[in-house]
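Colleague: Once you've had a glance at the structure underneath, I'll fire off some questions.
Protein chains: 2
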Amino acid sequence: MVLGVDVGGTNIRLAVVNAQGDIGERTSQRAELSQLAGENAAQHVLDTLSDAILPLLEKHPQISVIGIGFPGFFDNKTGRMIASPNIPGLRDFALTDALQEKLHLPVHVQNDASLAALGEFRFGAVQGLNSLLHLTLGTGIGGGLILDGKMYGGDGGIAMEIGHMHIAPEGRICGCGNTGCLETYASATAVSKGYFEQSGKRLNAREICLLAEQGDQLALTILEEAGHYLGRAIAETVKLLDVRHVSISGGLSQAWPLLFPALSQALEEHLIPPLRGQIHVRHSALNDDAGILGAASLALAHSSE
Amino acid sequence: MVLGVDVGGTNIRLAVVNAQGDIGERTSQRAELSQLAGENAAQHVLDTLSDAILPLLEKHPQISVIGIGFPGFFDNKTGRMIASPNIPGLRDFALTDALQEKLHLPVHVQNDASLAALGEFRFGAVQGLNSLLHLTLGTGIGGGLILDGKMYGGDGGIAMEIGHMHIAPEGRICGCGNTGCLETYASATAVSKGYFEQSGKRLNAREICLLAEQGDQLALTILEEAGHYLGRAIAETVKLLDVRHVSISGGLSQAWPLLFPALSQALEEHLIPPLRGQIHVRHSALNDDAGILGAASLALAHSSE
Numbered sequence: 032m033v034l035g036v037d038v039g040g041t042n043i044r045l046a047v048v049n050a051q052g053d054i055g056e057r058t059s060q061r062a063e064l065s066q067l068a069g070e071n072a073a074q075h076v077l078d079t080l081s082d083a084i085l086p087l088l089e090k091h092p093q094i095s096v097i098g099i100g101f102p103g104f105f106d107n108k109t110g111r112m113i114a115s116p117n118i119p120g121l122r123d124f125a126l127t128d129a130l131q132e133k134l135h136l137p138v139h140v141q142n143d144a145s146l147a148a149l150g151e152f153r154f155g156a157v158q159g160l161n162s163l164l165h166l167t168l169g170t171g172i173g174g175g176l177i178l179d180g181k182m183y184g185g186d187g188g189i190a191m192e193i194g195h196m197h198i199a200p201e202g203r204i205c206g207c208g209n210t211g212c213l214e215t216y217a218s219a220t221a222v223s224k225g226y227f228e229q230s231g232k233r234l235n236a237r238e239i240c241l242l243a244e245q246g247d248q249l250a251l252t253i254l255e256e257a258g259h260y261l262g263r264a265i266a267e268t269v270k271l272l273d274v275r276h277v278s279i280s281g282g283l284s285q286a287w288p289l290l291f292p293a294l295s296q297a298l299e300e301h302l303i304p305p306l307r308g309q310i311h312v313r314h315s316a317l318n319d320d321a322g323i324l325g326a327a328s329l330a331l332a333h334s335s336e
Numbered sequence: 032m033v034l035g036v037d038v039g040g041t042n043i044r045l046a047v048v049n050a051q052g053d054i055g056e057r058t059s060q061r062a063e064l065s066q067l068a069g070e071n072a073a074q075h076v077l078d079t080l081s082d083a084i085l086p087l088l089e090k091h092p093q094i095s096v097i098g099i100g101f102p103g104f105f106d107n108k109t110g111r112m113i114a115s116p117n118i119p120g121l122r123d124f125a126l127t128d129a130l131q132e133k134l135h136l137p138v139h140v141q142n143d144a145s146l147a148a149l150g151e152f153r154f155g156a157v158q159g160l161n162s163l164l165h166l167t168l169g170t171g172i173g174g175g176l177i178l179d180g181k182m183y184g185g186d187g188g189i190a191m192e193i194g195h196m197h198i199a200p201e202g203r204i205c206g207c208g209n210t211g212c213l214e215t216y217a218s219a220t221a222v223s224k225g226y227f228e229q230s231g232k233r234l235n236a237r238e239i240c241l242l243a244e245q246g247d248q249l250a251l252t253i254l255e256e257a258g259h260y261l262g263r264a265i266a267e268t269v270k271l272l273d274v275r276h277v278s279i280s281g282g283l284s285q286a287w288p289l290l291f292p293a294l295s296q297a298l299e300e301h302l303i304p305p306l307r308g309q310i311h312v313r314h315s316a317l318n319d320d321a322g323i324l325g326a327a328s329l330a331l332a333h334s335s336e
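Protein chains in written order, with the numbering used here: chain A, 32 to 336; chain B, 32 to 336.
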């Protein structure tokens, strides 16, 4: 038994998972971790995580390893956190060591988007792949990459920042300081913002997906635009990486039948001939659980050590 | 001793190389291999290659392995050639087996751009890197990628088609059928074509680089545009891959001091904050020999087997 933990900007989700990827008890806890700054950030993160984790450890003494997906950049080799873009107070932080000391169990922490990709790779609808690109359409766009069966993080743990691909010239202003980034068009936040700007109604991505399914024209247009830009971004990525399988999860992917046609058309248009028809993009069957199952996979990989 | 062979569209270049990467005798031979179609293409390629290689094998009996860089897509695992975009007659061709039979020596063939990256990685100016992106600015733009010390080819051997990154909306028509591809702005061919269209003078990229060094305004403008698009393409690539080192070779890179400022400015502008100042782009010190030395590296890696 292992514990899989998926740390988001506003929620921490936890689940007890067995070696087959079956989820047992699960809990969830609100936690405002983003925008934490200063010296207390590290302590606050540590306390919040251990408060969420300890009750499950007490209840399930069979848990032998803990895997955690965290929004940050990690050193591939040491597992040390280099920085967390949404938690400015955390820099060069040995989160793993600090948690192990507090919890008295082996802890393994990795980038949340990479672990979502690992979860999809190990427990998703298609097994036995060589590589996989996984996108999570949430507050931003999380990108995770599995190459030859392993999580790929790059030289400094920052790889797969596909949300900041420059996709629209003269485009919208992004939080990163640039304009025209993919996530200003195709994240759950972007769709919600776009709908509000044109209708005055504040709805989340899931609500907009429901409206689109009911034929709401504005919702349909915005989802189609998101699909178009996603297709283009995937085309550019696979021309560089020749990864043949792509999965997509997150609130915005709920309206898959409405998102996919524009995505697929833009993808095929922007590929080179030898890749046309070769890229398989699918809606994640795990959806919100990809992150938890990826964190559990990381723990399972270490549980036999 | 090994033999390194770099097969281009119009030239085959060969060199005898020792384990330290020192080049001994070298030869070069014109060979019109591109656009070969039909059943005779394979035989023609085989004959041309063995005619170029045999004299060197006779003269240097110490050569124990042959490495060849060839413009085509190769299966990562079997080494079999899947296709060669410029030689339509070659499909699913066991070039390696056929050459071994003819030459009575072990032969290893891989994608030419990947081998140029390997040559730069093993014998270039900076040693001990983890990963490297190498670009060759020639007829098109060859992209090769080394990840964790190994050539990366992707699921189907097509990876790093950076020349076909969509970089300019409403841009120029490319040979691949799309518009606005990087190589329609930043290949040696593109620069030569651009200069001709605006001046009526037919010059090659090296001549245009020389003119730019002498202050020719049109040549300067065209090189600056090429540098700008290269910088943007490198930014998009490293946001996906977090590869910190990039090297560039090929005729167009001769005018490095003129190309680099626009490249560097566009690169930094399009990066996300944690990557700014972290990407090192340099002019290849090996230049035209990167391909030969990469082919030799491939042979050397197998010479101790």
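Glycine residues also receive a C-beta, built at the ideal position from the N, C-alpha and C atoms. Fair warning: this is a prediction, and the values are worked out from it, not measured in the lab.
Whose C-beta lies closer than 7 Å to the C-beta of B:R237 among residues of the same chain, with five residues either side of it excluded?
Modeller: Cβ neighbours of B:R237 beyond the five flanking positions: G282 and Q285.
Colleague: So that I know if they touch, is there some Cβ in chain B lying closer than 8 Å to that of A:G169?
Modeller: Output row for A:G169: interface = no.
Colleague: Three-state secondary structure (DSSP) at A:Q158?
Modeller: It is coil, neither helix nor strand.
Colleague: B:H301 touches chain A at which residues, Cβ-Cβ below 7 Å?
Modeller: Near B:H301 (Cβ distances below 7 Å), the residues of chain A are H197 and N209.
Colleague: What residue from A:H75, A:S95, A:D273 and A:E63 has the CA that sits closest to A:M32's CA?
Modeller: Of the candidates A:H75, A:S95, A:D273 and A:E63, the one whose C-alpha sits nearest the C-alpha of A:M32 is A:S95.
Colleague: Let me see if you follow: with CB-CB separation under 8 Å, is A:K345 close to chain B or not?
Modeller: It is not possible to answer for residue 345 of chain A, since the shown part of chain A is limited to 32 through 336.
Colleague: Measuring CB to CB, does B:L166 end up less than 8 Å from B:I193?
Modeller: Yes, these two residues count as a Cβ contact at 8 Å.
Colleague: Mapping the DSSP letters down to three states, classify A:E201 as helix, strand or coil.
Modeller: In this structure, A:E201 counts as coil in the three-state DSSP scheme.
Colleague: Tell me whether B:H165 sits in a helix, a strand or coil according to DSSP, three-state version.
Modeller: Three-state DSSP puts B:H165 in a strand.
Colleague: According to DSSP, simplified to helix, strand and coil, what is B:D186?
Modeller: Three-state DSSP puts B:D186 in coil, outside helix and strand.
Colleague: Taking a Cβ distance cut-off of 7 Å, strictly less, list which residues of the region 158-182 of chain A are near chain B, in chain order.
Modeller: Going along the region 158-182 of chain A in chain order, one finds N161 and S162 with a Cβ nearer than 7 Å to chain B.
Colleague: If you reduce the DSSP assignment to three classes, tell me which class A:N71 lands in.
Modeller: Residue state, collapsed to three classes: helix.
Colleague: Kindly list the residues whose CB is nearer than 8 Å to the CB of A:D320, restricted to its own chain and excluding five residues on each side of it in sequence; keep chain order.
Modeller: Correct list, in chain order: A46, I54 and G150.
Colleague: What residues match up with B:G35 in a beta bridge as DSSP calls it?
Modeller: The partner list for B:G35 (beta bridge, DSSP) reads B:A46 and B:G98.
Colleague: With 16 as the cutoff for other CB atoms within 10 Å, does B:A50 come out buried or exposed?
Modeller: Per the 10 Å Cβ criterion, exposed.
Colleague: Under DSSP, the beta strand (DSSP E) around B:I54 begins and ends at which residues?
Modeller: B:I54 -> beta strand (DSSP E) spans I54 to R61.
Colleague: Quick one: using the 10 Å Cβ neighbour count with 16 as the cut-off for buried, is A:L85 buried or exposed?
Modeller: Flag for A:L85 reads exposed.
Colleague: At least one CB of chain B closer than 8 Å to the CB of A:G200: is that the case?
Modeller: The amino acid at residue 200 of chain A is misidentified as Gly; the sequence shows Pro. At least one chain B Cβ lies under 8 Å of A:P200.
Colleague: Just reading off the alpha helix (DSSP H) that A:L298 is part of, what are its end residues?
Modeller: Run containing A:L298: W287 to H301, per the alpha helix (DSSP H) assignment.
Colleague: What's the gap between the Cα of B:I323 and the Cα of A:H301?
Modeller: Approximately 33 Å, taken between the alpha carbons.
Colleague: Could you list the residues in the region 245-270 of chain B with a C-beta less than 9 Å from some C-beta on chain A, going in chain order?
Modeller: Hits within the stretch, in order: R263, A266, E267, T268, V269 and K270.
Colleague: Can you find at least 3 beta carbon pairs, one from the region 126-141 of chain A and one from the region 89-107 of chain A, that sit closer than 8 Å?
Modeller: They touch, by the three-pair rule.
Colleague: If I'm right that A:M196 touches B:K270 with Cβ under 8 Å, what's the distance once you round it to whole angstroms?
Modeller: Going by Cβ atoms, the distance from A:M196 to B:K270 rounds to 7 Å, so yes, they are a contact pair.
Colleague: Since A:G35 and A:V48 are thought to touch, with beta carbons under 8 Å apart, how far apart are those beta carbons, to the nearest angstrom?
Modeller: That belief holds up - the Cβ atoms of A:G35 and A:V48 are roughly 5 Å apart, short of 8 Å.
Colleague: Alpha carbon to alpha carbon, what distance is there between A:A125 and A:M112?
Modeller: A:M112 and A:A125: Cα-Cα distance of roughly 6 Å.
Colleague: For A:K181, tell me which candidate among A:F152, A:N42, A:T268 and A:S115 has the shortest Cα-Cα distance.
Modeller: That would be A:F152, whose Cα lies nearest to the Cα of A:K181.
Colleague: For B:A270, name the three-state secondary structure that DSSP assigns.
Modeller: Going by the sequence as given, residue 270 of chain B is Lys instead of Ala. Helix, per DSSP.
Colleague: Rounded to a whole number of angstroms, what is the C-alpha to C-alpha distance between B:R203 and B:C212?
Modeller: C-alpha separation (whole angstroms): 7 Å.
Colleague: How is B:L178 classed by DSSP in three states: helix, strand or coil?
Modeller: Three-state result, B:L178: strand.
Colleague: Taking Cβ-Cβ distances below 7 Å as the criterion, which residues of the region 270-294 of chain A are in contact with chain B?
Modeller: Those residues of the region 270-294 of chain A that come within reach of chain B (Cβ to Cβ, closer than 7 Å) are K270, L271, L272, D273, V274 and R275.
Colleague: Among B:Q74, B:L67 and B:L136, which residue has its Cα nearest to the Cα of B:Q93?
Modeller: For B:Q93, the nearest C-alpha among the options comes from B:L136.
Colleague: Grouping DSSP H, G and I as helix and E and B as strand, with all else coil, what is B:R307?
Modeller: Coil.
Colleague: Is B:H311 closer than 8 Å to B:V277 when the C-beta atoms are compared?
Modeller: Yes. Within cutoff.
Colleague: Please state whether DSSP places B:C212 in a helix, a strand or coil.
Modeller: Three-state result, B:C212: strand.
Colleague: Report back the beta-carbon spacing between A:P305 and B:I172 to the nearest angstrom; my notes put them in contact at under 8 Å.
Modeller: Rounded, the Cβ-Cβ distance is 16 Å, inconsistent with contact.
Colleague: For chain A, is any of its Cβ atoms less than 8 Å away from the one on B:I193?
Modeller: Cβ-Cβ to chain A under 8 Å: yes for B:I193.
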